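Residue numbers (the numbering used here): 425 to 861.
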């Protein structure tokens, strides 16, 4: 009954939250746009996107130009004997030369292809990392938001318990003043009051910590009074554990990133293997020289050359690099298998955490009802003079403890829903229906 009322109230408040409260959804929408970790991951993605352009440059020709100009003096028998109008003096002229070279690689053992594909895969890894960072940050935002609400509610319960004990203390003190009470009952009530105050102070300290974490994550303090209990998207929970595991293996970004990393390692093998092949380049050159190299006048020459180069021996570094790449490839496969096991494990743990939270909530709801009935009965007996104050206070403390446990369990259940969505890779803005601010 209590649980149904809480969920219904939360849904009602969430529906009216557009005008009257700070909802979890609105806070998360701003968080995923402005959190530094997400911004950093997005910029890394853009950097990897430029890496594709860098790798694709290997398909295009390179063009280089060289120009030289200076004064040249050459003193040799040949230059002195030249009939250049200088009377047998050494050659002394201002020279100028320019060279234009265009080179197009035709074949390099498919290294360019491997590098281009590696760049695309690295961009994909960066994209997945953005998604992974966004989901983990979203979960941090959810737990931080819920923890503030949890501590707020626990403080309210602690204050209610403290006020009730204070009233009971006043009643016992009045009885003593009238001569119908026992002084030791007053002392026992004071003892229980101190315990209640200690509990309240503990919750208030936890609340301050929760607000500090909230401010650090969202970059602004929470508007505690305007915050509303979130209603988890239980419709996104898979019907069975096996289905949840299947979704996790297909959609968890960590596993997707591991699979892409395996492909990067495979491409590295191809790139290194390409070093075993010759490189074939087509090169065109145009040269212009004036008074260069002791030659009077202008010289122009053009050439188109097909150049092949092949490293026949490199100190066995290429075979060693290829062997190294093979082991690295196998290592990424093993890492992928480890992450796959981790996804399955995390999904199972999250699934069981949700089942446990639901079961605890049902039991604690009954515990609150039973403790309330016991307290009401003992209170009536006390009013009739048939019960001592310590039993009444203990009964009330049991009610308060049951309410605290029930409140914590209700928020644990909410967190468990989001934890499962994180494990299967569905804690995304699309699934959570987050609207950008």
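The beta-carbon is built from N, C-alpha and C at its ideal position, and this holds for glycine as well. Values in this document were obtained by computation on a predicted structure and should not be read as measured data.
Where DSSP assigns a beta bridge to residue i, which residues make up the other side?
i           : result
residue 715 : Paired residues: none, contrary to the question.
residue 728 : 708
residue 528 : 706
residue 575 : Answer is none; residue 575 lacks a bridge partner.
residue 492 : 521
residue 562 : Beta-bridge pairing links residue 562 to no other residue.
residue 722 : 714
residue 568 : Answer is none; residue 568 lacks a bridge partner.
residue 537 : Its beta-bridge partners do not exist; DSSP assigns none.
residue 487 : 526
residue 446 : 651
residue 733 : 703
In its own chain, which residues sit with a C-beta less than 7 Å from the C-beta of residue i, not counting the 5 before and 5 after it?
i           : result
residue 544 : 476
residue 679 : 673, 763, 764, 767
residue 551 : 469
residue 838 : 570, 654, 656
residue 590 : 617
residue 710 : 524, 726
residue 854 : none
residue 731 : 705, 707
residue 833 : 781, 784, 785, 788
residue 583 : 624
residue 538 : 691, 694, 695, 698
residue 621 : 586
residue 842 : 563, 566, 656, 851
residue 745 : 696
residue 803 : 816
Would you decide whether residue i is buried or exposed? Buried here means 16 or more other CB atoms lie within 10 Å of its CB.
i           : result
residue 726 : exposed
residue 547 : buried
residue 740 : exposed
residue 786 : exposed
residue 443 : For residue 443, the pLDDT reaches just 34, beneath the cut-off of 50, and the residue's location in the model is therefore unreliable, leaving the point undetermined.
residue 820 : buried
residue 464 : exposed
residue 676 : buried
residue 594 : exposed
residue 836 : buried
residue 794 : exposed
residue 612 : buried
residue 549 : buried
residue 627 : buried
residue 698 : buried
residue 436 : Low confidence applies here, because residue 436 scores a pLDDT of 36, under 50, leaving its location unreliable; read the following figure in that light. Its Cβ having fewer than 16 others within 10 Å, residue 436 is exposed.
residue 478 : exposed
residue 632 : exposed
residue 848 : buried
residue 773 : exposed
residue 681 : buried
residue 907 : The first residue shown for the chain is 425 and the last is 861, placing residue 907 beyond what the model contains.
residue 542 : buried
residue 914 : Residue 914 falls outside the range modelled here, since the chain spans only 425 to 861, and no answer is possible.
residue 481 : exposed
residue 729 : exposed
Whole-angstrom Cβ separation of residue i and residue j, contact assumed at under 8 Å?
i           : j           : result
residue 449 : residue 858 : 6 Å
residue 669 : residue 747 : So it is not a contact: roughly 36 Å between Cβ atoms.
residue 736 : residue 530 : Between residue 530 and residue 736 the Cβ distance is about 20 Å, and since that is not below 8 Å, they are no contact.
residue 715 : residue 517 : 4 Å
residue 559 : residue 852 : 6 Å
residue 563 : residue 779 : Not quite, the Cβ-Cβ distance comes to about 19 Å (not below 8 Å), so this is no contact.
residue 775 : residue 665 : 5 Å
residue 565 : residue 451 : 7 Å
residue 661 : residue 844 : 6 Å
residue 827 : residue 652 : Between residue 652 and residue 827 the Cβ distance is about 20 Å, and since that is not below 8 Å, they are no contact.
residue 647 : residue 446 : 5 Å
residue 830 : residue 792 : 5 Å
residue 461 : residue 527 : Wrong, their Cβ atoms sit about 43 Å apart, outside the cutoff.
residue 860 : residue 453 : 6 Å
Grab me the residues of residue i's own chain with a C-beta within less than 6 Å of its C-beta, minus the 5 sequence neighbours each way, in chain order.
i           : result
residue 796 : 823
residue 733 : 703
residue 637 : 568
residue 495 : 518
residue 491 : 522
residue 493 : 520
residue 554 : 465, 466, 469
residue 634 : 571, 572, 575
Can you give me the Cβ contacts of residue i inside the same chain, cut-off strictly under 8 Å, excluding the 5 residues immediately before and after it?
i           : result
residue 850 : 660, 671, 675
residue 579 : 624, 627, 628, 631
residue 723 : 711, 712, 713, 714, 716
- Message: Quick test of the definition: if touching needs 3 or more C-beta pairs under 8 Å, does the region 528 to 547 touch the region 454 to 467?
- Response: no
- Touch check for the region 635 to 645 and the region 565 to 578: three-plus C-beta pairs under 8 Å? yes
- Message: If contact is defined by three or more beta carbon pairs under 8 Å, each pair taking one atom from either stretch, is the region 678 to 695 in contact with the region 484 to 492?
- Response: As far as the Cβ criterion goes, the region 484 to 492 does not touch the region 678 to 695, which means the pair count is below three.
- Item | the region 772 to 791 contacting the region 683 to 691, beta-carbon criterion three pairs below 8 Å | no
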